[in-house]
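In the working numbering, the protein residues as written are 2 to 278.
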Ligand SMILES: [Zn+2]
């Protein structure tokens, strides 16, 4: 159960409501299944964040399903909290490294995973995914194992989490500003950060859509020209240029309310999802 009391706390209650809706939207759009998770920085205590207890995101229904954790170590504020996700260090370490990041999603999207293992660069293929820019880092947990570590691919401690979080920055710089919205995780999925629940949900949905479009473009080109027919110096696919990724990113942020309100209606129209916050 969440530690802070939402009574008469409009901002906290709205955060709970958006958090639960966000989880439902992510499930409805198949970004999350029984696994994967959303987190949000606490609106009053920036050194804490909120996640759900250890249940499938589609079944989160009220603030009783939510748990507060410390950003510092991903430990629950209330030691008697129900069991949490083992990979919550993904969230704590991204929130720790980047003070302006307020929401994080970790997904095992099957559309995106191929780009984490194939060596094909994942980049903005259409305007709704301009936030991806022209290069998406791939984090390989296998490079961070030490003797005694369980090699289960999970980001289950702060060391792995910090290594993943550093991939959001610019290589060789300690800037507090993330240079990347999305980091792919080899053989696992992806993590996306954003300034709010609404922004990060949009980014997650359009990251998955971008993967579908990019895959279709690669397959279409290979089917038509044959796998050996590559344009000089590249795949032959015309991705968004660096400049072209910037305008759509602003547009997506300014118009985020439009898809968000549609998606809220979509999940409200389904019998599966309850939001009592
Ligand atoms: Zn995972």
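Beta carbons are placed, not taken as given, at the ideal position from N, Cα and C, and that holds for glycine.
Remember, it's a predicted structure, so these values are computed and weren't measured experimentally.
Query: If we ignore side chains and look at the alpha-carbon of each, how far apart do residue 225 and residue 51 end up?; Result: 48 Å
Query: According to DSSP, what are the bridge partners of residue 107?; Result: 38, 192
Query: Keeping to the same chain, check which residues put their C-beta closer than 8 Å to that of residue 18; ignore five residues upstream and five downstream.; Result: 276, 278
Query: So what does DSSP say about residue 53, is it helix, strand or coil?; Result: strand
Query: Would you be able to state if there are at least three C-beta pairs under 8 Å between the stretch 62–70 and the stretch 159–168?; Result: no
Query: With distances taken Cα to Cα, identify the nearest neighbour of residue 195 among 187, 205, 76.; Result: 205
Query: Pick helix, strand or coil for residue 244, following the three-state DSSP scheme.; Result: helix
Query: Are the beta-carbon atoms belonging to residue 190 and residue 114 less than 8 Å from one another?; Result: yes
Query: Tell me where the beta strand (DSSP E) around residue 186 begins and ends.; Result: 183–186
Query: DSSP three-state call for residue 203: helix, strand or coil?; Result: helix
Query: Can you give me the C-alpha to C-alpha distance between residue 94 and residue 58, rounded to a whole angstrom?; Result: 21 Å
Query: Can we count residue 36 as close to ligand 1, meaning its CB is less than 7 Å from some heavy atom?; Result: yes
Query: Report whether the distance from the Cβ of residue 220 to the nearest heavy atom of ligand 1 is below 7 Å.; Result: no
Query: Beta strand (DSSP E) containing residue 68: first to last residue?; Result: 67–71
Query: Quick one: give me the first and last residue of the alpha helix (DSSP H) that residue 90 is part of.; Result: 89–98
Query: For residue 159, which residues from the same chain have a beta carbon less than 8 Å from its beta carbon, with the 5 sequence-adjacent residues on both sides left out?; Result: 74, 75, 90, 93, 94
Query: Which residues bound the alpha helix (DSSP H) around residue 15?; Result: 11–29
Query: Could you check if residue 190 belongs to the surroundings of ligand 1, using beta carbon to heavy atom distance under 7 Å?; Result: yes
Query: Is residue 21 near residue 61, with beta carbons less than 8 Å apart?; Result: yes
Query: Buried or exposed, going by whether 16 or more other CB atoms sit within 10 Å of the CB of residue 274?; Result: buried
Query: Would you say the stretch 96–113 touches the stretch 175–193, given that touching needs at least three Cβ pairs under 8 Å?; Result: yes
Query: With distances taken Cα to Cα, identify the nearest neighbour of residue 355 among 272, 264, 271.; Result: No answer is possible for residue 355: it lies beyond the span of the chain, which begins at 2 and ends at 278.
Query: Do residue 54 and residue 23 have their C-beta atoms closer together than 8 Å?; Result: no
Query: Tell me whether residue 47 sits in a helix, a strand or coil according to DSSP, three-state version.; Result: coil
Query: What do you reckon, is the C-beta of residue 109 under 7 Å from a heavy atom of ligand 1?; Result: yes
Query: What does DSSP give as the partner residues of residue 77 in its beta bridges?; Result: 70
Query: If you draw a straight line from the alpha carbon of residue 161 to that of residue 216, how long is it in whole angstroms?; Result: 29 Å
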